[in-house]
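Peer 1: In the working numbering, the protein residues as written are 4 to 137. Glycine included, C-beta positions come from ideal geometry on N, C-alpha and C. None of the values given here were measured: they were computed from a predicted structure.
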Amino acid sequence: MMDYQFEQKGRRPIVVIAALIGGTLVAVGFFYQAPWYFLAMPGIAGLMAALMLIQNSHSGLKLNARSLTLFKDSWQEEIPLSTIKGMRMTQFSSGQPSVWLDRTGAPPYRIPGYCFGSAQQLKQALAAHGIATN
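(1) Compare the C-alpha of Ala128 against each of Arg15, Gly26, Ser97 and Ser70 and name the closest.
(2) Between the C-alpha atoms of Ala109 and Asn137, what's the straight-line distance to the nearest angstrom?
(3) Please name the residue in Ala135, Cys118 and Ala130 whose C-alpha comes closest to that of Lys12.
(4) Would you be able to state if there are at least three C-beta pairs under 8 Å between the region 37 to 48 and the region 70 to 90?
(5) Contact check, Lys65 vs Gln8 under 8 Å by CB: the rounded distance?
(6) Using the C-alpha atoms, what's the distance from Pro115 back to Trp78?
(7) My assumption, with CB atoms under 8 Å, is that Ala30 sits in contact with Ala52. Please give the rounded CB distance.
(8) Let's test the definition: count the other Cβ atoms within 10 Å of the Cβ of Leu104 and tell me whether it reaches 16, buried, or not, exposed.
(9) Counting C-beta neighbours from all protein chains within 10 Å, is the total for Leu54 16 or more, i.e. buried, or is it exposed?
(10) In the structure shown, what three-state DSSP assignment does Thr98 receive?
(11) Can you grab the Cα-Cα spacing for the pair Gly49 / Ile17, in whole Å?
(12) Within the same chain, show all residues whose beta-carbon is closer than 6 Å to that of Gly26, passing over the 5 residues directly before and after it, in chain order.
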């Protein structure tokens, strides 16, 4: 049984919008015969967004009775709950949340905000397992 699960696919609306804006700017630039140096930046940005759409990145977190599993594409890391002493929530200046896991016999482990979704739900699920949260 899964206590908490969050998964995110790479095809988020902002990536689609970025690809469309980059493609539109390059198309308009070609239409008006703009020099290459005006087309380079929107072209690179549009290409990067298009690659993100093609790759369709997949990331997330799963919490069950034994472990906390983080995954991104083909990478996966499993942290046994018995090694987690506590959890601290922080926030970057940009507003992006971050969770730090304090572990027994290991350095703290940071989980970026794109991996866990709702910080409040994760906090409640960890507290249900007896892991101290702040």
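Peer 2: Put simply:
(1) Here residue 128 refers to the residue found at position 125 when the sequence shown is read from its first residue. Comparing Cα-Cα distances from Ala128 to each of Arg15, Gly26, Ser97 and Ser70, the minimum goes to Ser70.
(2) By 1-based counting over the sequence shown, the position of residue 109 is 106. By 1-based counting over the sequence shown, the position of residue 137 is 134. Between Ala109 and Asn137, the C-alpha separation is close to 20 Å.
(3) Numbered from 1 along the sequence shown, position 9 holds the residue referred to as residue 12. Cα-wise, what sits closest to Lys12 is Cys118.
(4) no
(5) If you number the sequence shown from 1, residue 65 lands on position 62. If you number the sequence shown from 1, residue 8 lands on position 5. That pair is a contact at about 5 Å.
(6) On the sequence shown, position 75 is the one that residue 78 refers to. On the sequence shown, position 112 is the one that residue 115 refers to. Using only the alpha carbons, I get a separation of about 15 Å.
(7) Here the question's residue 30 lines up with position 27 in the sequence shown. Here the question's residue 52 lines up with position 49 in the sequence shown. Going by Cβ atoms, the distance from Ala30 to Ala52 rounds to 15 Å, so no, they are not a contact pair.
(8) Working through the sequence shown from its first residue, we reach residue 104 at position 101. So Leu104 counts as buried.
(9) To locate residue 54, count along the sequence shown from 1; it is residue 51. By the neighbour-count rule (16 or more Cβ atoms within 10 Å), Leu54 is not buried but exposed.
(10) Position 95 of the sequence shown, counted from the first residue, corresponds to residue 98. Before going on, a small fix: residue 98 reads as Gly here, not Thr. It is coil, neither helix nor strand.
(11) In the sequence shown, the residue the question calls residue 49 occupies position 46. In the sequence shown, the residue the question calls residue 17 occupies position 14. So the alpha carbons of these two residues sit roughly 12 Å apart.
(12) Translated into the one-based positions of the sequence shown, residue 26 becomes position 23. The answer, listed in chain order, is Gly49.
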